[in-house]
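Read through the structure below, which is laid out as structure tokens, and then see the notes.
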Amino acid sequence: MNAVLFAAVIGVGIGLVVGALGAGGGILSVPVLVYVLGMAPHDATGASLVVVGLTAVVALRHPAKHGNVRWKEGAIFGAIAIAGAALASRLSLLVPERALMLCFGVLLLVVAAVMARRARLLRAEENAREKGTTLAGQPSEPEPQPSRLALVLAASATGLLTGFFGVGGGFLAVPMLVIALGLPMRAASGTSLLVMIMTSAAALLARIGTPTHIDWPSVLIFAAGTVLGGMVGGPVSAKARPSSLTALFAVLLAGVGVLTLATS
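As structure tokens, then:
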């Protein structure tokens, strides 16, 4: 029981990240389920889908209330992603558990690098905004829009990652919603929660009829912690510097990634 309560406390922190950034926090659910609650990796990826989905449902309330969810764009992105989520959810069960955790450790380090880069860009944008200018002191140029093929590939990759590893995939969805659909960062963060709900639900449904075992009491207690954190994370994002939150999270991801590789 102590392990379950400890996991719930960690869950609050994960929920804070999901609610504040709209991305990334769900990727820590699997290590907690494996190393704190002692679940088998295949079971943990399935249970993580429950945690990610419930947290996103609650965290969605705050951005939706403030108009930071683009329902149409999110539904389109999510609809493309769910096929990959369902397929990868079944395929992950065919991978040996040690190999699955090694791949997961690599994923953590990759996402840490992505988040660290995003933190630097956000800090530069924040500093420029405070000075009332753009980074170069000149009007900013609109970023080139990628092709529809690039959007489909990004959405599919988001779904594949969600289904295979049991993660939210928001770290990929957020930048693609910004670049491909031109959404502001806050709107992209809020909209990514809708995508996470759709993909995690599809991946979880794909597990029906498989040997995946979910320890519902432990998972729901852990999820309660993430949900609580998600409720607080939205208001926190309105006050804290996104660059600072993102940088701290990148460091945490890197640490967990190294630990995962060392113990797999």
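Residue numbers (this note's numbering): 1203 to 1466.
Note that CB positions come from ideal geometry on N, CA and C, so glycine has one too.
Can you find the residues in the same chain that come closer than 8 Å, C-beta to C-beta, to Ala1338, ignoring five residues on each side of it along the sequence? Any reading at Ala1338 needs caution, since the residue's pLDDT is 47, under 50, leaving its predicted position unreliable; the model's value is listed next. Cβ neighbours of Ala1338 beyond the five flanking positions: none.
Take Val1429 as the anchor and find which of Leu1396, Asp1245, Val1259, Val1369 has the nearest alpha-carbon. Val1259
Which of the three DSSP states, helix, strand or coil, is assigned to Leu1239? coil
Could you name the residues of the same chain whose beta carbon sits closer than 6 Å to that of Met1378, not counting the 5 residues immediately before and after it, in chain order? Ala1356
Restricting to Cα atoms, I'd like to know which of Glu1299, Leu1450, Gly1435, Ile1282 is closest to Ser1391. Gly1435
Where His1484 sits in the DSSP three-state scheme: With the chain covering only 1203 through 1466, there is no way to say anything about residue 1484.
Is there contact here, the region 1399-1413 with the region 1205-1213, by at least three beta-carbon pairs under 8 Å? no
Compute the Euclidean distance between the alpha carbons of Leu1311 and Phe1373, then round it to the nearest angstrom. 13 Å
Please report the Cβ distance between Ser1250 and Val1232, rounded to the nearest whole angstrom; I am assuming they are in contact, meaning their Cβ atoms lie under 8 Å. 5 Å
For Thr1360, the first and last residue of its enclosing alpha helix (DSSP H): 1350-1367
Would you mind stating whether Arg1322 and Ser1445 have Cβ atoms separated by less than 9 Å? yes
Extent of the continuous alpha helix (DSSP H) run through Asn1454: Here residue 1454 is Leu; the residue named in the question, Asn, does not match the sequence. Taken as a continuous stretch (DSSP letters only), the alpha helix (DSSP H) holding Leu1454 covers 1444-1465.
Where Glu1332 falls, given that 16 or more other Cβ within 10 Å makes a residue buried: exposed
Would Arg1319 be called buried (16 or more neighbouring beta carbons within 10 Å of its own) or exposed? exposed
Under the assumption that Gly1368 contacts Thr1247 (Cβ atoms under 8 Å), give the Cβ distance between them as a whole number of angstroms. 3 Å
Would you be able to state if there are at least three C-beta pairs under 8 Å between the region 1286-1301 and the region 1453-1462? no
What are the boundary residues of the alpha helix (DSSP H) that includes Gly1473? Any answer about residue 1473 is impossible in this case: the structure gives the chain only from 1203 up to 1466.
DSSP state of Asp1417, grouped into three classes? coil
Taking C-alpha atoms, which residue in Val1421, Leu1363, Met1433, Gly1307 lies nearest to Ser1466? Gly1307
To the nearest angstrom, report how far apart Asp1245 and Leu1295 are at their CA atoms. 9 Å
Residue range of the alpha helix (DSSP H) that includes Gly1228: Neither: Gly1228 is in no alpha helix (DSSP H) and is coded neither H nor E.
What three-state label does DSSP hand Gly1276 in the structure shown? helix
What separation, rounded to the nearest whole angstrom, lies between the Cα atoms of Val1316 and Ala1326? 16 Å
So is Gly1213 in contact with chain C if we call contact Cβ pairs under 9 Å? Of the protein chains in the structure, only one exists, and it is not chain C.
Going by DSSP, what residue range makes up the alpha helix (DSSP H) through Leu1296? It is not in any alpha helix (DSSP H) - Leu1296 carries neither H nor E in the DSSP assignment.
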